[in-house]
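Residue numbers (this note's numbering): 26 to 363.
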Amino acid sequence: MAIPFGATWGTLIERCEELPADATLITSLASKRFQITDVQDQRIIIEDVDSGDSQPLQREQFAALAEHTREAVDGYELERLPPKAEPYAAVLALHPRYVLDERENTLTELDEADESAVLDDSPHLSMAAGSDDEQDSGREEPEIDVYSDMLLLIDALEREDMSALESVETPVLVNLYTLLSDVQRNANDLRQDVTDVLLERVGHDRPLHGQYGSIQRTTRRNRSLKDDEAVLDAFAETGIDREQLLGVDRSKVEEALDVVPMPESAVYDVSESEYVRKAEVDEERKETRLQGLKDRLAVSDDPEAEVLRQEVDRLEQEIEDLTEFAPGSTFDVQAEGG
């Protein structure tokens, strides 16, 4: 039995009143930012963050949207909303019975209210007030390894035409490859840390959505053989001949090649592939480059320059020693026999 909209409206009003005064909502399609400035019996007043224009959101329109959402089998498609009506979906999604899927751009009514949902987890809701410029001016510098190399990489990318790599000079390409390698390594470390935290928050049955994408929990099935005797014992009563299960042990083949004059091509299919890898990193040059960025900022009149000066002061202290590889070394890649 459908819940009367009067009960839904009452809960929605309560959720809106619980919002901090500086909370900002974001529409899914147009990414318009607005704040709730007043909550009344029959309407909710919002104000566009960028233009300052006010707009009343009427109760009857919320009721109509709720009805359309209830009738939609796979969620109500937000593209069906008139442009000025998009804030209705963002506000209605504050209610614990409604979910706004920013990936599919749909609004869905749950069979039961998700009382465990908290406003801070809503992807279309920001608890930080003010414009992006105001937020950036008070941002804190992240103390993570990837940040310093990203700053250097951004500076390098801004100086070159990435749409015509063939025309970029070789030393510049080497610099780009080195920085990309450093950023990738540190980003992967950070990505794993983020993954560990997210695994505690995401369930198997409901994806999590953010402004730039969505994630869902998946399970990867890994297999590794038990020891030989356990495997052979398991097949003993099946009629499978033991000889069918026995194969060549690659480690024993390696030991044999060490003591007999046999070419490896006799027992291995050998192929070669060429690739580029980072051989060494000039940490001193990277620090010098950061100092150069700092010097340029020192004479800049840009209001953002002071923030960047503070960032570079810290970043130049955070470049860690990276593992160095001896140039010219080679690696053997051996594939498992079929």
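Just so you know, even glycine gets a beta-carbon here, dropped at the ideal spot from N, CA and C.
Within this structure, are the beta carbons of Ile70 and Pro112 separated by less than 8 Å?
-> Numbered from its first residue, the sequence shown carries residue 70 at position 45. Numbered from its first residue, the sequence shown carries residue 112 at position 87. Contact: no.
What residue from Asp136, Asp258, Arg128 has the CA that sits closest to Leu233's CA?
-> In the sequence shown, counting from the first residue as 1, residue 233 sits at position 208. When the alpha-carbon of Leu233 is set against those of Asp136, Asp258, Arg128, the nearest one is in Arg128.
Under the three-state reduction of DSSP, which class applies to Glu43: helix, strand or coil?
-> Taking the first residue of the sequence shown as position 1, residue 43 is located at position 18. Correct three-state label for Glu43: helix.
For His120, three-class secondary structure by DSSP = For the purposes of this step, residue 120 is taken as the residue at position 95 of the sequence shown. Looking at His120 - three-state DSSP - the assignment turns out to be coil, as it is neither helix nor strand.
Using alpha carbons as the reference points, say which of Asp253, Glu92, Val124 lies closest to Phe30.
-> Taking the first residue of the sequence shown as position 1, residue 30 is located at position 5. Looking only at Asp253, Glu92, Val124, the smallest Cα-Cα distance to Phe30 is reached by Glu92.
In this structure, does DSSP put Leu176 in helix, strand or coil?
-> In the sequence shown, counting from the first residue as 1, residue 176 sits at position 151. Reduced to three states, the DSSP call for Leu176 is helix.
Is it right to say Lys57 is buried, meaning 16 or more other beta carbons lie within 10 angstroms of its own, or is it exposed?
-> Numbered from its first residue, the sequence shown carries residue 57 at position 32. Here Lys57 is buried, its C-beta having at least 16 other C-beta atoms within 10 Å.
So the beta strand (DSSP E) Leu103 belongs to, where does it begin and stop?
-> As a first step, residue 103 is located in the sequence shown; it is residue number 78 there, counting from the start. Per DSSP, Leu103 is not a residue of any beta strand (DSSP E), being assigned neither H nor E.
Would you call His229 buried or exposed, if buried means 16 or more other Cβ atoms sit within 10 Å of its Cβ?
-> Your numbering for residue 229 matches position 204 in the sequence shown. Per the 10 Å Cβ criterion, exposed.
Excluding the five sequence neighbours on either side, which residues of its own chain have a C-beta within less than 7 Å of the C-beta of Val292, listed in chain order?
-> One-based indexing of the sequence shown puts residue 292 at position 267. Around Val292: Val278.
Quick one: what does DSSP say Thr36 is sitting in, helix, strand or coil?
-> Here residue 36 is taken as the residue at index 11 of the sequence shown, counted from 1. Here Thr36 sits in helix by DSSP.
Does the distance from the CB of Glu104 to the CB of Leu54 come in under 8 Å?
-> Working through the sequence shown from its first residue, we reach residue 104 at position 79. Working through the sequence shown from its first residue, we reach residue 54 at position 29. Leu54 is positioned such that its CB atom lies closer than 8 Å to that of Glu104.
For Gln83 versus Gln65, is the C-beta distance shorter than 8 Å?
-> The residue you call residue 83 lines up with position 58 of the sequence shown. The residue you call residue 65 lines up with position 40 of the sequence shown. No.
Nearest neighbour of Arg242, chosen from Thr220, Gln269, Ala181 [CA to CA] = Your numbering for residue 242 matches position 217 in the sequence shown. When Thr220, Gln269, Ala181 are compared, the shortest CA-CA separation from Arg242 is found for Thr220.
Sequence-distant residues of the same chain with beta carbon closer than 7 Å to Thr52, five excluded per side | The residue given as residue 52 occupies position 27 in the sequence shown. Within the same chain, Cβ atoms closer than 7 Å to the Cβ of Thr52 are found at Glu111, Pro112, Ala115, the five residues on either side in sequence being excluded.
Output the distance between the C-alpha atoms of Ser162 and Glu312, rounded to the nearest integer angstrom.
-> For this step, residue 162 is matched to residue 137 along the sequence shown. For this step, residue 312 is matched to residue 287 along the sequence shown. Only weak support is given to the placement of Ser162: the predicted model assigns it a pLDDT of 44, under 50, and the question is left unresolved by the model.
Residues of its chain near Phe260, where Cβ-Cβ distance is below 7 Å and the 5 sequence neighbours each way are ignored = Along the sequence shown, one-based indexing puts residue 260 at 235. Only Leu270 meet the Cβ criterion.
Residues that DSSP places opposite His234 in a beta bridge | To locate residue 234, count along the sequence shown from 1; it is residue 209. Paired residue(s): Ser239.
In this structure, does DSSP put Thr49 in helix, strand or coil?
-> Position 24 of the sequence shown holds residue 49. Correct three-state label for Thr49: strand.
Since Ala48 and Leu150 are thought to touch, with beta carbons under 8 Å apart, how far apart are those beta carbons, to the nearest angstrom?
-> Counted from its first residue, the sequence shown places residue 48 at position 23. Counted from its first residue, the sequence shown places residue 150 at position 125. About 6 Å separates the two Cβ atoms, so the contact holds.
DSSP-derived helix/strand/coil call for Leu204 = Against the sequence shown, residue 204 aligns to sequence position 179. Helix, per DSSP.
Please work out which residues of its chain come closer than 8 Å, Cβ to Cβ, to Leu223, disregarding the five sequence neighbours upstream and downstream, and give them in chain order.
-> By 1-based counting over the sequence shown, the position of residue 223 is 198. Excluding residues up to 5 positions away in sequence, Leu233, Ile240 lie with their Cβ nearer than 8 Å to the Cβ of Leu223 in the same chain.
CA-to-CA distance, Leu117 to Thr133, given in whole angstroms = Working through the sequence shown from its first residue, we reach residue 133 at position 108. Working through the sequence shown from its first residue, we reach residue 117 at position 92. Near 10 Å, if we compare the C-alpha coordinates of Leu117 and Thr133.
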